[in-house]
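Single-structure report; data block below.
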Amino acid sequence: MPPKPRKHYALSLRLLSNFDDILTDVLVDKLFYWTNIRKVHPRYQSNRTIKDKQVGDIIRTHVCVSRNVQAATDRLLEIDGIKRFCQKLRPEEKSDFVKHVKRYIEIYHPDTAYEVSTTNRYTLTSLEASVVARAPIAKGEVIKNLSGVMVTMTKEEEAEFNEASNRDFSIIHSSRKAGAQIFLGPARFVNHDCSPNCRFVSASKSTVTFAALRHIEPGEELTVYYSDDYFGPDNAECLCQSCERDMKGGWAKSIPYMPVRALNKRALEDAKDEDDYAGRARKRARRSLPTPALSTSDDVSVKADSPPAALSLLTPDISSLTPAEGADTSRAVSEIPTVVLNLELGKADPAGSANQALPTPDTTLSPVEETSINNSSNNSGLLATDDGYESDLSVYSDTDMEILNEKYKFFPTIKRATPKPINPDPASLPQVPAGIRYPGDHLFESTFIDPKMEMRCTCQNANCNRPFIYKNEDAFRFLNHIPRCCPRCERHSKIYGLVWPKTVLRSDDPEVRVMNPEDVERCVNLSQHKRDMQAIDEWRVENLLKEVFKKNLRKENRKIEKKKRRTKTRNTPTVEA
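Residue numbering for the sequence shown follows our numbering, beginning at 9 and increasing consecutively.
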């Protein structure tokens, strides 16, 4: 009797999900990641026999330095926990597992132009994985080492995944297969956007990669378009950045403006206007928003500046909140949407009042207020040059000008009032109804912290300098183990032994690669942290000052050259015919 033909082997969803859960735990979570990747199987238990330092040494030595992915794969398969798992697999299954291991190891190759980061855009209470560019990516370029495996799902598997609220991810509809497919691997970390910067590229029947649709700058998140009805019919529940910018999808029914008082106090200080003195007058006007509109005289004008990038993302049209130069202040105040004023006062907003204008009976300024505005307008001339254009020093906030004044004595010392606490009492702020999102609620500036266990810090890496929130529930460690760098830079330093975003150590580079992460002092106490923050502020302001001087020097040189050309043209004798 002839032997039965062997059944054709195909990678199943059960196997692929097991592979992916193990490798995301070993090669992402245990590799100094500051959160945990969501697993396909909610009851997955991490293997305690696999240590973080053991995996980190393998990746750093064989991938980051030697660039030998095969050697790193062999060493990783020799770890006890992974070795016992491989012994249970058949040869075909082990081959697929090894391929999947290489996909995750290639994330840390020095030539990889992206890194795995986190975002809380979709779930405010937890962090989810995302892919962020670490190096420039040209338009049309296939993103290296970013791939995934697709497996067709049965109707029963699709229904099972849809029933579980924490498993409905990485599922797409394939028109070629005419059914649902799940794709796992590093590609699963690429999030959806209705205006993406990447597209799917089929490398084989079951492998998918990505290509850039436009030029991608470092720090920009890589996104792809999943499908038309992935987030409900016509993506009506989508919360991507494009929908947030256009106020559609899941943001269409959200609060159109973020509560003004809910903004972090530090963000408000950073949002000061170009003109220091005119900015104070405008801040005084903002604080009196609930009062009737003010009618000023013709000779009083308050100059407004375009909002910073952080606030322009939160408010779709902020131009109505600040009057243009020479505009009537009463008209600008009257056009502020009622919803902003109600949220500022902590009142409930009636339905349909977002676009209503407030009645503004004409009133006049008191002599004290009018004098203060006129004085501020006159003092703003301190930053103007003889040629009529404003100096570039006006782009700095009060904090920057204080540092400049202390170091270079530009202006006389001005006594300032005691600032309000950075973290106001959340009970005194207007409460947004549960389940309602507003633009920018996922940003750093709109995050409330507990001063007893959380602290706002700034990364001390000169290439980063981004803010982050440090959290530690231990009261002693909270004040004595403050990190110097943000989680991203700290993880990069532990993996590559270099400062972010550097992955390759060149021959002429003075930096030394640190092979043992414990050799670097990564935490300081509170007093040292304050000194470090002050040094960072002074360094930043000095660099800004140098740029200002260079810019003004270029302006002066252009004016001199233009004047020389005019003089030469005027002195050139005309030749009569």
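Cβ coordinates follow ideal geometry from the N, Cα and C atoms, glycine included.
Problem set entry | Best match in Met523, His16, Asp119, Thr126 for proximity to Ile145 [C-alpha to C-alpha] | Position 137 of the sequence shown, counted from the start, is the residue given in the question as residue 145. The candidate whose alpha carbon is nearest that of Ile145 is Asp119.
Exercise. CA-CA distance, Thr43 and Ile180?
Worked result: Here residue 43 refers to the residue found at position 35 when the sequence shown is read from its first residue. Here residue 180 refers to the residue found at position 172 when the sequence shown is read from its first residue. Inter-residue distance for Thr43 and Ile180 is about 25 Å (C-alpha atoms, whole angstroms).
For this session: Whole angstroms is fine: what's the gap from Val198's alpha carbon to Val159's?
Result: Along the sequence shown, one-based indexing puts residue 198 at 190. Along the sequence shown, one-based indexing puts residue 159 at 151. Going from the Cα of Val198 to the Cα of Val159 covers about 17 Å.
Exercise. Is the beta carbon of Pro204 sitting closer than 8 Å to the one on Leu192?
Worked result: Taking the first residue of the sequence shown as 1, we reach residue 204 at position 196. Taking the first residue of the sequence shown as 1, we reach residue 192 at position 184. No. Outside cutoff.
Problem set entry | Rounded distance between the beta-carbons of Val124 and Ile115, thought under 8 Å | The count along the sequence shown starts at 1 and reaches residue 115 at position 107. The count along the sequence shown starts at 1 and reaches residue 124 at position 116. About 7 Å separates the beta carbon of Ile115 from that of Val124, a gap short enough to meet the 8 Å contact definition.
For this session: For Ser535, name the three-state secondary structure that DSSP assigns.
Result: One-based indexing of the sequence shown puts residue 535 at position 527. Helix at Ser535.
For this session: Would you tell me roughly how many angstroms separate the C-alpha atoms of Leu85 and Lys91, rounded to the nearest one?
Result: The residue labelled residue 85 in the question sits at position 77 within the sequence shown. The residue labelled residue 91 in the question sits at position 83 within the sequence shown. As the crow flies, the alpha-carbon of Leu85 is around 6 Å from that of Lys91.
Problem set entry | Residues near Val71 by beta carbon distance below 7 Å, same chain, minus five either side | Taking the first residue of the sequence shown as 1, we reach residue 71 at position 63. Result list for Val71: Val77, Ala80, Ile113, Tyr116, His117, in chain order.
For this session: Starting from the N-terminal side, write out each stretch of the beta strand (DSSP E) that is 3 residues or longer and does not extend beyond the region 183-261.
Result: If we require 3 residues or more, the beta strand (DSSP E) runs fully inside the region 183-261 come out as 187-192, 206-210, 215-220.
Exercise. What's the gap between the Cα of Pro447 and the Cα of Phe93?
Worked result: The residue labelled residue 447 in the question sits at position 439 within the sequence shown. The residue labelled residue 93 in the question sits at position 85 within the sequence shown. Across the structure, Pro447 and Phe93 are spaced so that their CA atoms are roughly 45 Å apart.
Problem set entry | Continuous beta strand (DSSP E) assignments of at least 3 residues falling wholly in the region 441-527 | With a minimum length of 3 residues, the continuous beta strand (DSSP E) runs that stay inside the region 441-527 are 462-466, 475-479.
Problem set entry | Those residues which DSSP pairs with Val549 across a bridge | Position 541 of the sequence shown, counting from 1, holds the residue named residue 549. In DSSP, Val549 forms no bridge with anything.
Problem set entry | 8 Å Cβ cutoff met for Gly89 and Thr127 | Counted from its first residue, the sequence shown places residue 89 at position 81. Counted from its first residue, the sequence shown places residue 127 at position 119. Cβ distance not < 8 Å, so Gly89 and Thr127 don't count as in contact.
Exercise. Do the CB positions of Cys206 and Asn243 come within less than 8 Å of each other?
Worked result: Within the sequence shown, numbered from 1, the residue matching residue 206 stands at position 198. Within the sequence shown, numbered from 1, the residue matching residue 243 stands at position 235. No, they are not a contact pair.
Problem set entry | Member of Lys256, Ile224, Asp60 whose CA lies at the smallest distance from the CA of Val36 | Within the sequence shown, numbered from 1, the residue matching residue 36 stands at position 28. The option with the nearest alpha carbon to Val36 is Asp60.
Exercise. CB-CB under 8 Å to Gln189, same chain, minus the five flanking residues each way: which ones, in chain order?
Worked result: Taking the first residue of the sequence shown as 1, we reach residue 189 at position 181. Same-chain partners within the cutoff: Met158, Val159, Thr160, Met161, Ile179, Ile180, His181, Ser182.
For this session: Return helix, strand or coil for Leu97, following the three-state DSSP convention.
Result: For this step, residue 97 is matched to residue 89 along the sequence shown. Three-state DSSP puts Leu97 in coil, outside helix and strand.
Exercise. Hey, how far is the Cα of Leu135 from the Cα of Lys571?
Worked result: Stepping through the sequence shown from its first residue, residue 135 is reached at position 127. Stepping through the sequence shown from its first residue, residue 571 is reached at position 563. Between Leu135 and Lys571, the C-alpha separation is close to 58 Å.
Exercise. For Ser235, which residues of its own chain have a beta-carbon under 8 Å away from its beta-carbon, when the five flanking residues on both sides are left out?
Worked result: Within the sequence shown, residue 235 is the residue found at index 227, counting from 1. Here the set comprises Ile180, His181.
Problem set entry | Pair within 8 Å by beta-carbon distance, Pro64 and Lys510 | Residue mapping note: residue 64 aligns to position 56 of the sequence shown, counting from 1. Residue mapping note: residue 510 aligns to position 502 of the sequence shown, counting from 1. First, the amino acid is wrong: residue 64 is Gly here, not Pro. The answer is no: Cβ separation not under 8 Å.
Exercise. Looking at the structure shown, is Pro358 part of a helix, part of a strand, or coil, going by DSSP?
Worked result: Looking up residue 358 in the sequence shown gives position 350. Caution applies to Pro358, whose pLDDT of 41 falls short of 50 and renders its modelled position unreliable; the value that the coordinates give is listed next. Three-state result, Pro358: coil.
Exercise. Considering Lys152, what are the terminal residues of the beta strand (DSSP E) in which it resides?
Worked result: The residue you call residue 152 lines up with position 144 of the sequence shown. For Lys152, the enclosing beta strand (DSSP E) begins and ends at 150-160.
For this session: Note down the Cα distance separating Leu534 from Leu21, rounded to an integer number of angstroms.
Result: Here residue 534 refers to the residue found at position 526 when the sequence shown is read from its first residue. Here residue 21 refers to the residue found at position 13 when the sequence shown is read from its first residue. Each residue's alpha carbon lies about 50 Å from the other.
For this session: Measure the alpha-carbon distance for Val216 versus Glu550 and round it to whole angstroms.
Result: Against the sequence shown, residue 216 aligns to sequence position 208. Against the sequence shown, residue 550 aligns to sequence position 542. When only Cα atoms are considered, Val216 and Glu550 end up about 47 Å apart.
Problem set entry | First through last residue of the beta strand (DSSP E) which encompasses Val124 | What you label residue 124 is simply residue 116 of the sequence shown in a count that begins at 1. Following the DSSP letters along the chain, one finds Val124 inside the beta strand (DSSP E) bounded by residues 122-127.
Exercise. Of all the options Val512, Ala483, Ser54, Asp28, which has the alpha carbon lying nearest to the alpha carbon of Ala143?
Worked result: Translated into positions along the sequence shown, residue 143 becomes position 135. The shortest C-alpha separation from Ala143 is found at Val512.
Exercise. Assuming Ile477 contacts Thr455 under a Cβ cut-off of 8 Å, what Cβ separation, rounded to an integer in Å, is found between them?
Worked result: Residue mapping note: residue 477 aligns to position 469 of the sequence shown, counting from 1. Residue mapping note: residue 455 aligns to position 447 of the sequence shown, counting from 1. Contact annotation, Ile477 with Thr455: C-beta distance approximately 7 Å; criterion of less than 8 Å satisfied.
For this session: Taking all protein chains shown into account, decide if Val232 is buried (16 or more other Cβ within 10 angstroms of its Cβ) or exposed.
Result: Looking up residue 232 in the sequence shown gives position 224. Sixteen is the threshold: when 16 or more other Cβ atoms of the shown chains lie within 10 Å of the Cβ of Val232, as they do, the residue is buried.
Exercise. Shortest alpha-carbon distance to Pro226 belongs to which of Thr131, Val139, Gly156, Arg499?
Worked result: The residue given as residue 226 occupies position 218 in the sequence shown. Looking at the Cα atoms, Val139 is the closest of the given residues.
Problem set entry | Simplified DSSP state of Leu19, which is helix, strand or coil | Translated into the one-based positions of the sequence shown, residue 19 becomes position 11. Looking at Leu19 - three-state DSSP - the assignment turns out to be coil, as it is neither helix nor strand.
Exercise. Under the three-state reduction of DSSP, which class applies to Glu569: helix, strand or coil?
Worked result: The sequence position of residue 569 within the sequence shown is 561, counting from 1. Glu569: helix per DSSP, three-state reduction.
Exercise. Closest to Tyr122 by CA distance: which of Gln542, Val150, Leu23 is it?
Worked result: One-based indexing of the sequence shown puts residue 122 at position 114. From the listed residues Gln542, Val150, Leu23, the smallest Cα separation to Tyr122 is found for Val150.
Exercise. Helix or strand or just coil, what does DSSP make of Val48?
Worked result: By 1-based counting over the sequence shown, the position of residue 48 is 40. Here Val48 sits in coil by DSSP.
Exercise. Where does Gly505 land, buried or exposed, given buried means 16+ other C-beta within 10 angstroms?
Worked result: As a first step, residue 505 must be located in the sequence shown, where it is residue number 497. Under the 10 Å beta carbon count, Gly505 is surrounded by 16 or more other beta carbons and is classified as buried.
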